Amino acid sequence: MERKLYYIAWLFAALFVIGCEDLEDTYDEYAGDGMIRYVGKCSNVEVQPGWERLRVSWKNNLDATIKRVKISWQSEEDSEPFVRYIDRQANENNAGLMDTIYIENLKDVVYTVRVSSLSADSTESLVEEKYGRPYSESHEDLRSFTRGIINFYKLGDKLAVCLDESNENLKELILTYRDTRGNVQEWDIKDHMDDSLGMRSWTGIVPICRDYMFLLPEEEGVGIDFSQALTIKRRGLLAGCIDEIKFTDEVLDLNERVWSTAFSQLMLKNYGTNWENEVDRIETLELDYNMPVFQDLMYFPNLKKVILGKNRYMAGTYATSHASTTDEYVGLTTLQFLMDTREGFTVERYNKHYFGMDNMFYMDYIAFYQMLGKLKRNFSLTEMGASNLDNAPSVTPLNTEGWVVTCSDTVYNGYKAKGAAWLLDDDANTYFEPGQTLGASVIEVTFDMKSEQVVHGFKVMQYTRNDEGDQDYLLSSIKIEFSNDGYIWKLATNEDGAITIGNAPGEVTYINIPESKQEAVRYVRLSMGNQQVGTVSNSALCNLRLGSCMPY
1 MERKLYYIAW LFAALFVIGC EDLEDTYDEY AGDGMIRYVG KCSNVEVQPG WERLRVSWKN
61 NLDATIKRVK ISWQSEEDSE PFVRYIDRQA NENNAGLMDT IYIENLKDVV YTVRVSSLSA
121 DSTESLVEEK YGRPYSESHE DLRSFTRGII NFYKLGDKLA VCLDESNENL KELILTYRDT
181 RGNVQEWDIK DHMDDSLGMR SWTGIVPICR DYMFLLPEEE GVGIDFSQAL TIKRRGLLAG
241 CIDEIKFTDE VLDLNERVWS TAFSQLMLKN YGTNWENEVD RIETLELDYN MPVFQDLMYF
301 PNLKKVILGK NRYMAGTYAT SHASTTDEYV GLTTLQFLMD TREGFTVERY NKHYFGMDNM
361 FYMDYIAFYQ MLGKLKRNFS LTEMGASNLD NAPSVTPLNT EGWVVTCSDT VYNGYKAKGA
421 AWLLDDDANT YFEPGQTLGA SVIEVTFDMK SEQVVHGFKV MQYTRNDEGD QDYLLSSIKI
481 EFSNDGYIWK LATNEDGAIT IGNAPGEVTY INIPESKQEA VRYVRLSMGN QQVGTVSNSA
541 LCNLRLGSCM PY
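Going by full-length UniProt numbering, the sequence shown opens with residue 1, and the numbers climb by one from there.
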């Protein structure tokens, strides 16, 4: 037993001696030719795009064996890489600092850039690889750079412009044109991007709003020679580009028309899918409901009259609370430009729609912008008051005897309490109101007229009561479809969705069916989205209410 313990002790001693051998000696023993040493690599490599060039920067390694840095670049179009060597001698006093080179005269392609260190015997370090694409004329980002003028409109021998907002990347934006006297003129777009309308106070001029619509030339009696090109000189920066770019001059296309969604929908409703063919022939245009902006009025070359709010048939008590709205600055400036450039241009307004009172300064918007100097002192609208109520369309309702009226909420079929058939009684004091739902949903009502008839339009009336909470139930749009078999449906109007209706209590809206869609049909379907009228257990409680939707 003692002998066994003796042998075990000697074995542990031998293992201890072997385990204490120098680790480096062990590596040398198994490394063949000795210890392998790597050249220190570059770090913090960055490739940034410029105009037809790339900027490559890196941090040098402190490894004393490094003699130079190797930079190579190659695109998919190149059969082999281009290489440049940077002699480390020039940077020996800066070994720990960032270094930079520029690779010039590059094409509009993605380049693979590799950076590595080389020792005196050309041993190469591990390679750092980055990618970069220089900017050039064909780069798609150039198309996103603003021309400074968002929209423009030819008005006689004048040009109306709406300017973009300024930003730090814009360095130069100049509109160049030849005036009617034959002189070349330059108008500094960038210089006017930060213009504002202000009100004088004891501390000076207090800015009220941005002023970005102009009629050029601003000099009275001088116009633009539109037979000569109008160009915009542009200079600035693109995000991520290290160089300031001088862009190719942009020539304004005088046939350009960029329509707003609201105007496109209005024209589609009135003239159908080929409405753009009608623009040059339109002399009178009626606007009745909320319009984000009016500036598209300047696209109509022969427009002579604009009528505001004529087709809103509602009691005068709601003229303020339910008046149609628009951007007052854009709307009034547009009308001023049209009055300035078209002899005899007039605007009729019913019930003070669109331009009411400024709630901050308690001033009529027209007087307000006259005070700010944007409207001339002689600017005025022809006020028609509520005279449209005395001249409402005279229509003959269809005979609804024997019609079957059903609702997607079947509890409200026919003439039950608040049932769907009350939509046909041509009386706003009775109304259709389905059951409440948790969350929004679409309610459908179908009229089966039992025989095919031609429908020329619908007289829609809102319920008249206006107690607290009643307004929440009133609809602002409705979708109407026709069918001959009850299975295949088609839109009754030119709109590609819901039809806008007035939503003041008791308001009447006349929906005229276009002649191209006036054909014999048997079924009518109304689709109405209910809306939130309350909450229950933190969930929206939705419903709707409609006084009448009478076909005529």
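C-beta atoms are modelled at their ideal positions from N, C-alpha and C, and glycine is treated no differently.
Small disclaimer: the values here were computed from a predicted structure and weren't measured.
Discussion item. Suppose only complete runs of 3+ residues qualify. What are the beta strand (DSSP E) ranges in the region 122 to 159, listed by chain order?
Written reply: 128 to 132 and 149 to 155
Worksheet item: Are the Cβ atoms of Glu278 and Leu308 separated by less than 9 Å?
Response: no
Discussion item. Taking only three categories from DSSP, how would you classify Thr400?
Written reply: coil
Fill in: Closest Cα partner of Asp78 within the set Lys304, Asp108 and Leu381
Asp108
Worksheet item: In this structure, does DSSP put Arg545 in helix, strand or coil?
Response: strand
Worksheet entry | Asp211, buried or exposed, once every other Cβ within 10 Å from all chains shown has been counted against 16 | buried
Discussion item. Please return the same chain residues whose Cβ sits closer than 8 Å to the Cβ of Val411, not counting the five positions on each side in sequence.
Written reply: Pro434 and Gly435
Worksheet item: Does the Cβ of Leu502 have 16 or more other Cβ atoms within 10 Å, making it buried, or fewer, making it exposed?
Response: A small correction: the amino acid at residue 502 is Gly; Leu does not occupy that position in the sequence shown. Buried, by the Cβ-count rule.
Worksheet item: Any idea what DSSP makes of Leu23, helix, strand or coil?
Response: In this prediction, Leu23 has a pLDDT of 47, which is less than 50 and means its spatial position is unreliable; what the coordinates show is noted afterwards. Residue state, collapsed to three classes: helix.
Discussion item. Measuring alpha carbon to alpha carbon, tell me which residue in Gln265, Gln336 and Ser72 is nearest Glu124.
Written reply: Ser72
Worksheet item: When the Cβ atoms of the region 113 to 127 are set against those of the region 39 to 48, are three or more pairs found closer than 8 Å?
Response: yes
Discussion item. Could you check whether Thr203 and Leu173 sit closer than 9 Å to each other, using their CB atoms as the reference points?
Written reply: no
Worksheet item: How should Phe361 be labelled, buried or exposed, when 16 other C-beta atoms within 10 angstroms of its C-beta is the threshold for buried?
Response: exposed
Fill in: Through-space distance from Tyr523 to Val404, alpha-carbon basis
10 Å
Practice prompt. Please report how far the alpha carbon of Thr26 lies from the alpha carbon of Ser117, in whole angstroms.
Written response: Only weak support exists for where Thr26 lies, its pLDDT of 49 falling under 50; the value from the coordinates is given anyway. Cα to Cα, the separation comes out at about 29 Å.
Worksheet item: Between which two residues does the alpha helix (DSSP H) carrying Lys269 extend?
Response: Thr261 to Tyr271
Worksheet item: Should the region 352 to 367 be called in touch with the region 231 to 245, which here means at least 3 C-beta pairs below 8 Å?
Response: no
Practice prompt. Following the continuous beta strand (DSSP E) through Ala520, name the residue where it begins and the one where it ends.
Written response: Ala520 to Gly529
Worksheet item: What number of angstroms, rounded off, separates the C-alpha of Thr464 from the C-alpha of Tyr510?
Response: 17 Å
Discussion item. Do Ala504 and Ser321 have their beta-carbon atoms positioned less than 9 Å apart in this structure?
Written reply: yes
Item to complete: State buried or exposed for Cys549, treating a residue as buried only when at least 16 other CB atoms are found within 10 Å of its CB.
Response: buried
Worksheet entry | Proximity of Leu546 and Leu438 at Cβ, strictly below 9 Å | no
Discussion item. Is the separation between the beta-carbon of Val508 and that of Gln471 shorter than 9 Å?
Written reply: no
Worksheet item: Whole-angstrom Cβ separation of Thr176 and Lys233, contact assumed at under 8 Å?
Response: 7 Å
Worksheet item: What's the C-alpha gap between Val306 and Gln336?
Response: 12 Å
Worksheet entry | Status (buried if at least 16 other CB within 10 Å, exposed otherwise) for Gly132 | buried
Practice prompt. Per DSSP, which residues does Cys407 bridge with? Please list them.
Written response: Val445
Worksheet item: Quick one: what does DSSP say Gln453 is sitting in, helix, strand or coil?
Response: strand
Worksheet item: In whole angstroms, what is the alpha-carbon distance linking Gly236 and Ile208?
Response: 29 Å
Practice prompt. Have a look at residue 618 and Thr231 and give me their C-alpha separation to the nearest angstrom.
Written response: The question about residue 618 has no answer here: the residues shown for the chain are numbered 1 through 552.
Worksheet item: Can the beta-carbon of Tyr111 be found less than 9 Å from the beta-carbon of Ser136?
Response: no
Worksheet item: Looking at C-alpha atoms only, which residue of Leu252, Pro217, Asn494 and Asn359 is the closest neighbour of Asn183?
Response: Pro217
Worksheet item: If you draw a straight line from the alpha carbon of Leu197 to that of Ile205, how long is it in whole angstroms?
Response: 9 Å
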